[in-house]
Structures are given as C-alpha cells and as structure tokens.
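A short worksheet on the structure shown next.
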Amino acid sequence: MRMKASVIVLILLLAILAGCATYYQKTLRFQEYIMEGQIEKAGQWLEKNDRDKKGKNELLYHMYSGWVSWMKGDYASSNTALELADLLIEDYHKQVGAEALSLISNPGVKPYQAEDFEKVFVNYFKALNYVQIGKYEEAIVEARRITIRLQQLNSKYKGHKNRYSDDAFAHVIIGMLYESRQDYNNAFIAYRNALEAYDSIYVRNFDISPPEQLKLDILRTAYMTGFHDEVDYYEKMFGFKYERDTSAGGELVFIWQNGFGPVKSEWSITFTMVPGEAGFVTYTNEEYGFTFPFYIGDRSPNEQAQLRDLSILRVAFPKYVERVPVFKHASLLIEDKTYPLELSEDLNQIAFKTLEDRMLREFGNALLRVATKKALELAVREATKNESKENKVDIGDIAPAAVTIINAITEKADTRNWQTLPHSIFYTRVRLPEGQHKITFNTFGNQHTGSQDISIDIRKNRTTFYVFQSLDSHQPGQ
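Here the working numbering is used: the first residue of the sequence shown is 32, the next is one more, and so on.
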C-alpha cells in the first residue's frame with residue numbers, strides 16, 4: 032500500500048542533499064564584502080559560517096581564512112591557516128561513504144579537494160607571507176614547492192595531462208629571492224627555468240610571452256656570475272646588449288594582483304547510447320565527438336538490462352565564468368619616470384585550461400554517476416510495479432516519478448572553487464636610491480582609471496618586495 036521505507040528514506044536523503052544555488056551564490060555576501068574592501072567584515076562572515084571549519088568545505092575555509100589574514104597584514108595567522116590547507120591537500124584520503132553517495136547524488140557531497148592550480152597557490156601565498164616577515168629561505172622553499180607539486184600532480188595522469196605543468200612566475204620569484212641574497216648563480220638558473228617555462232608552456236597555452244624584465248634579469252645574473260658565454264648567447268636571443276647599472280641603492284619588486292579569478296557555474300552534455308560489442312554499452316555525443324564505452328558484462332542480467340535501457344543521459348559538468356577586471360594594465364610613477372608593469376601570470380586562463388583538462392579525464396566518472404542514478408530509477412520503478420501487484424493496489428508511478436525528479440535535481444555539477452585568487456599577476460623591478468620614496472601606482476581600464484600613492488623605504492643593497500591587490504572586477508559573465 033505504501034512505498035517501502037527504504038525508498039522513502041532514499042528519496043528524502045537525496046532531496047536534502049540537492050541544492051540549486053551555485054557555490055558563488057551561496058557565498059555572495061562574503062564576496063561582496065571583499066569587493067567593497069571590507070576585509071574585516073569578510074573575515075567575520077567567514078567565522079560566523081563556521082560549519083565549513085570541519086565540514087566538506089574545510090579546505091576552502093582555510094584557503095579563505097589564509098587569504099583574509101594576508102590582506103589584513105597578519106602574515107603569521109595567514110600561514111597558519113594556509114598550512115592547514117596544505118596538510119589537507121597532502122593528506123586527503125577518499126571517504127568511501129562520500130564517494131559512494133556521490134554516485135547517486137553529485138560530486139558536491141564530497142570534501143572539496145581543489146583544482147590543481149589552486150593547490151599550488153596555497154604555496155604561492157605562503158611564499159609571499161614569508162617574504163613579508165623576512166624569511167627568504169622559507170619563501171624559496173614554498174616557491175620551489177609550486178613547481179615540484181605541479182610535476183607530481185601531472186605525473187599521476189595517464190592521459191590528458193594538465194597544460195599548466197609548470198609555473199613560470201614561480202621560477203621568477205625563486206630567482207628574485209636568490210638574487211636578493213646575492214646568490215647570482217642560483218638566481219640565473221631560476222630565471223633561465225622561467226624563460227623555458229614561458230617559451231614552452233605559457234606562449235602556446237596562455238598567450239603570455241616572457242616579460243622584458245625577465246630578460247634583463249637573466250643577462251644581469253649571468254654577468255654577475257661570470258657566465259660571459261651565456262651573456263653573449265642571450266644578448267643574441269633577446270636582440271639587445273646588457274648595460275650594467277652601477278648606481279648605488281636598492282631594488283623594488285612591485286607585484287600587482289589584478290582583480291579576481293573566475294567562479295564556477297555548470298553546463299550539461301547529452302549522451303546517446305549506441306549498441307556495443309558483447310558486454311559493452313557505449314555513450315556518444317556527436318557535437319563534441321565524445322565516445323565512452325563501458326563494460327557491463329560482469330553485472331547481473333537485471334542490471335545489464337537496466338543499463339542498456341538508458342538510451343539518453345544528461346551529464347552536468349562545472350564550467351568557469353570569467354570576472355573581467357576593471358583595470359587592464361598599470362604602471363609606477365617615480366620621480367617623473369614611468370615604469371610599466373608586465374603580465375607574468377594569467378590565472379583566469381590557467382583556471383579555464385586546467386578545468387578543461389580535468390573534465391577530459393573525468394567524463395567517464397561523470398557518466399557513471401548519471402548511469403548509476405538512472406539505473407536506480409529503473410530499479411525503483413520495477414520494485415514499485417511488483418509491490419503494486421503483491422498488494423493488489425495500484426500506486427502508479429509515484430515512487431519512480433519522485434526518483435526521476437530527484438535525479439534531475441541532483442544532477443548538479445560541483446561549483447565550489449577558491450574565489451579570492453587574482454585574475455592575473457603583473458610585476459616590475461626598479462632600482463632606486465637608498466631612502467624613503469613616494470610612488471604613485473596608476474591603473475588603467477577601458478572606462479576607469481585609478482591612482483594611489485605609496486611610501487616605500489629602500490635600503491642599500493637590499494630588495495624590497497611590495498604586493499598590491501586590486502579588488503575591482505566585474506560581476507561574473509559581464
């Protein structure tokens with residue numbers, strides 16, 4: 032007379048887990064505080080929503096907490112939070128229950144593990160924190176971990192490896208840190224590695240050429256190390272001669288983090304089942320040229336029949352939506368001289384390409400998720416039909432219809448991501464006399480300009496690092 036309790040519980044459980052809003056929409060107030068420059072309130076919002084501290088979004092909580100503390104200048108607290116995030120990334124183990132549940136719901140029920148590029152930017156911000164508190168050796172370690180971690184992550188993929196396989200700007204940072212300690216040999220090696228990464232990866236995949244400043248750094252450190260053959264080689268490659276700056280003073284490295292990276296939404300693809308060889312079913316999408324065969328010969332005859340009945344499947348995937356920065360480029364004005372900042376890292380493009388690479392690797396798992404849910408729907412339909420016959424009561428398609436609705440609702444992509452990473456990173460390097468300097472940081476966009484005066488203390492034979500985060504980005508998709 033009534034649906035079995037197990038069916039009711041299952042439907043209710045799935046209904047509870049289902050959510051229609053994207054992660055960006057759920058955290059919109061937090062994002063608004065940040066865009067308004069109210070970092071203190073953003074931190075308070077984060078603490079009030081403390082359910083994520085030990086929940087499935089624990090990693091994101093520590094990422095955001097570390098970023099907020101970094102913005103507030105509390106570099107020790109920032110590194111404490113980022114270290115917890117780092118440990119979660121390193122020590123994460125699959126939770127069998129969550130893994131199984133995701134097959135009948137969506138990947139959003141699992142603990143968030145981060146995109147590969149997000150994982151290494153934990154190390155990036157840790158490096159910045161160490162620079163700010165004067166621990167350059169520790170900063171070098173974190174910057175090197177960026178490149179090592181990317182290699183380790185990519186080595187585990189058999190196919191569709193990440194195009195973001197090395198970080199050119201991380202090598203630049205390593206070089207600048209070594210050079211600040213007068214270790215010109217290691218600085219030259221790091222700069223040379225950066226040039227190789229720009230030429231072999233960034234130009235082709237992210238449309239970023241080696242910055243002119245990097246070319247100057249390579250020539251300078253080669254000269255300071257006594258690598259005269261290398262100086263000649265790179266002078267010919269770059270098309271200009273090295274001119275040594277013998278003026279007294281120190282160096283300013285100015286890093287500009289422009290706007291914010293993309294947020295995740297979702298899109299879907301429809302797959303059609305075509306007859307396959309014995310024991311196989313194959314799902315295809317002609318528009319994108321996707322073909323995925325699945326072996327089902329090891330399943331029961333009933334399960335095989337149910338899976339063969341799945342003629343059409345709709346699969347949801349995450350996609351990025353860009354938040355275009357208000358400003359396009361920037362420069363420093365120092366004593367009537369202008370120093371343009373050069374693009375060194377485009378996280379927006381890195382995010383899009385990394386997600387595309389992951390989706391190509393995970394299409395099969397996504398199809399398995401939908402097939403499992405649809406097979407469950409067919410099983411409930413069959414069980415309901417049998418129960419109606421046994422009880423001589425026609426309860427119709429109530430249970431199957433309910434499961435169909437739940438399947439449609441829960442076929443959601445995981446739209447979580449680290450939303451306070453910059454859209455892009457620019458930098459410049461300026462040699463200045465020792466003492467206090469007033470610097471005007473100018474930003475330029477299509478319709479807006481900005482200007483901010485900054486006081487910088489330059490010490491003799493020392494490198495001063497200054498990082499500026501612009502909070503101005505358009506809404507997603509605008």
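All C-beta atoms, glycine included, are put in the ideal place defined by N, C-alpha and C. As the structure is a computational prediction, the values presented were derived from the model and not from experiment.
Spatially closest choice to residue i from the options, by CA coordinates
i: residue 184; options: 240, 148 and 159; result: 148
i: residue 238; options: 377, 180, 292 and 267; result: 377
i: residue 203; options: 460, 166, 263 and 396; result: 460
i: residue 474; options: 339, 73, 289 and 122; result: 289
i: residue 244; options: 223, 261, 54 and 263; result: 223
i: residue 291; options: 109, 143 and 63; result: 63
i: residue 458; options: 259, 397 and 370; result: 370
i: residue 401; options: 105, 486 and 301; result: 301
i: residue 317; options: 309, 303 and 503; result: 303
i: residue 384; options: 351, 250, 182 and 374; result: 351
i: residue 57; options: 113, 80 and 499; result: 80
i: residue 339; options: 359, 313, 323 and 283; result: 313
Residue i versus residue j - alpha carbon distance
i: residue 159; j: residue 295; result: 26 Å
i: residue 90; j: residue 368; result: 44 Å
i: residue 213; j: residue 199; result: 21 Å
i: residue 120; j: residue 154; result: 11 Å
i: residue 362; j: residue 267; result: 28 Å
i: residue 346; j: residue 306; result: 20 Å
i: residue 208; j: residue 174; result: 10 Å
i: residue 395; j: residue 102; result: 40 Å
i: residue 177; j: residue 152; result: 7 Å
i: residue 497; j: residue 344; result: 52 Å
i: residue 479; j: residue 381; result: 26 Å
i: residue 241; j: residue 453; result: 20 Å
i: residue 506; j: residue 70; result: 18 Å
i: residue 74; j: residue 157; result: 19 Å
i: residue 391; j: residue 349; result: 12 Å
i: residue 40; j: residue 329; result: Because the pLDDT of residue 40 is 49, which lies under 50, any placement of that residue in the model is unreliable, and the number read from its coordinates should be weighed accordingly. Near 29 Å, if we compare the C-alpha coordinates of residue 329 and residue 40.
i: residue 181; j: residue 333; result: 44 Å
i: residue 100; j: residue 325; result: 48 Å
i: residue 194; j: residue 388; result: 7 Å
i: residue 191; j: residue 320; result: 15 Å
i: residue 311; j: residue 337; result: 13 Å
i: residue 144; j: residue 87; result: 9 Å
i: residue 486; j: residue 251; result: 27 Å
Per DSSP, cross-strand counterpart(s) of residue i
i: residue 498; result: 286
i: residue 297; result: 349
i: residue 306; result: 312
i: residue 368; result: 365
i: residue 356; result: 504
i: residue 343; result: 303
For residue i, the first and last residue of its enclosing beta strand (DSSP E)
i: residue 487; result: 480-489
i: residue 322; result: 321-326
i: residue 463; result: 455-463
i: residue 362; result: 360-365
Exposure of residue i, with buried meaning 16 or more beta-carbon neighbours within 10 Å
i: residue 248; result: buried
i: residue 271; result: exposed
i: residue 85; result: exposed
i: residue 509; result: exposed
i: residue 118; result: exposed
i: residue 127; result: At residue 127 the pLDDT is 42, less than 50, meaning the model places this residue with poor confidence; the figure from the coordinates comes in the next sentence. With fewer than 16 other Cβ atoms within 10 Å, it is exposed.
i: residue 259; result: exposed
i: residue 501; result: buried
Beta carbon proximity, residue i to chain B, threshold 8 Å
i: residue 272; result: As a matter of chain content, chain B is missing from the structure shown, which is built from one protein chain.
Endpoints, the alpha helix (DSSP H) within which residue i is located
i: residue 107; result: 106-122
i: residue 177; result: 167-186
i: residue 149; result: 147-163
i: residue 200; result: 199-211
i: residue 72; result: 70-79
i: residue 224; result: 215-228
i: residue 468; result: That residue, residue 468, is in no alpha helix (DSSP H); its beta strand (DSSP E) goes 466-475.
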